[in-house]
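Working notes for the structure below.
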Amino acid sequence: MDSLGPSYRLTGGPGGSAALGFRPMPSGPRPERSERRLVRAAKRGSREAFEELFRMHWARAHRTAFLIVRDGAAAEDIAQESFVAALRHLDRFDGRRPLGPWLNRIVVNRAIDWTRTRRLRAEVGAEPWLDDRREAAVEGPDSRAEQVPAPLMDALGRLSPERRAVVVMRYLLDYTPSEIADALELPTGTVNSRLRRALDQLGAEYGEAAGG
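Quick note: to get this note's numbering, add 1002 to the position in the sequence shown (first position is 1).
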C-alpha cells in the first residue's frame, strides 16, 4: 500500500473518482486542554508556550506545504513564515477553537500563492521549471521519514494549485468540504467540483504512472 506522508495512505486504483480514496490513519487523542493553555500563555507573550505550539503543529504544517508546493526548501520557508504570521496575529485567534485549522489556513493560502507565482515565472521564463520527479522525504519531529512515491508526486504536481490544495485539505487534514470552503472563502459547490475533478485526474494519471 502506497504512503502519502507520515499519517495518511492512498488506497484504491484507477477507474474514476470513486476508485481513488484516502484513508486517515489513527493519530491518537488531541491534547485540546493543553493546547488551549499554551495558546493563552502565548497570547500573554510566553516564548516557551509558542515554541511548544510550534513543536505540536510543525510536522503537519510542513507536510501540508510540501504536498502543495512540491519543493522541500520552499515548504520549510512557508511553514516557518506561517508560524511567524500566526504569532503576530495570535490576538485575533479564538482560543476556544483548535489552533490547527487556523494555522493550516495560513499555510495553505501561502502555499497556493507561492505555487501560482512560481508557475507565472516559469511561463514568462523568469526561472526554469524544476523537475520534481523524485521520491521526496516528508519528515516531522515526531515521526519517521516516509517516502512519497514519485508517480503520486507527479500526479499531484499536474493538478492546478487550487485543486491540489483542496485535495490536501480534504484528505490530509480531514477538513469537510464546508470547512475548506470557509478557509478558502469559496462556495461549497466550487470546493466539491474541484475535488471531483482532482480525483478524476489523480485516478487516471496516478494509475497510469504506477502501471495500472
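All C-beta atoms in this analysis are idealised placements derived from N, C-alpha and C, irrespective of residue type, glycine included.
Quick test of your reading: residue i and residue j, contact by CB under 8 Å. State the CB separation rounded to the nearest angstrom.
i     : j     : result
A1067 : A1088 : Contact doesn't hold; Cβ gap of about 14 Å is too wide.
With distances taken between CB atoms, is the gap from residue i to residue j smaller than 9 Å?
i     : j     : result
L1069 : L1174 : yes
L1158 : L1101 : no
A1051 : A1044 : yes
F1095 : A1063 : no
N1201 : V1169 : According to the sequence as given, residue 1201 is Leu; it is not Asn. Yes, the Cβ-Cβ distance between L1201 and V1169 is below 9 Å.
R1118 : P1163 : yes
Spatial neighbours of residue i within its chain, please: C-beta separation below 8 Å, excluding the five flanking residues on both sides.
i     : result
A1167 : I1070, V1110, A1113, I1114 and L1186
R1160 : Q1203 and E1207
R1038 : G1097 and R1098
N1194 : P1179
Using only the alpha-carbon positions, how far apart do residue i and residue j sit?
i     : j     : result
A1215 : R1042 : Any question about residue 1215 goes unanswered here, given that the chain covers just 1003 to 1214.
L1197 : L1055 : 31 Å
I1182 : R1199 : 16 Å
P1103 : R1090 : 17 Å
L1154 : R1172 : 17 Å
T1192 : N1106 : 20 Å
R1165 : R1057 : 29 Å
S1036 : D1156 : 39 Å
R1121 : D1176 : 27 Å
Can you find the residues in the same chain that come closer than 7 Å, C-beta to C-beta, to residue i, ignoring five residues on each side of it along the sequence?
i     : result
W1116 : V1071, A1076 and I1080
G1030 : At G1030, the pLDDT of 43 sits below 50, so the modelled position is not reliable and the matter cannot be decided from this model.
I1108 : S1084, A1087 and A1088
H1059 : L1101, G1102 and L1105
R1049 : none
For residue i, is the beta carbon positioned less than 8 Å from some heavy atom of the ligand NAD?
i     : result
D1079 : Ligands displayed in this structure: none; no statement on the ligand NAD is therefore possible.
Counting only the same chain and skipping the five closest in sequence on each side, list residues whose C-beta sits under 6 Å from that of residue i.
i     : result
R1046 : none
L1040 : A1051, E1054 and L1055
Exercise. Which parts of the segment 1149-1189 are runs of the alpha helix (DSSP H), unbroken and 4 residues or longer, counting only runs that do not cross its ends?
Worked result: 1152-1159, 1163-1173 and 1179-1186
Exercise. Which runs of the alpha helix (DSSP H) spanning at least 4 residues fall entirely within the segment 1080-1128, listed in chain order?
Worked result: 1101-1125
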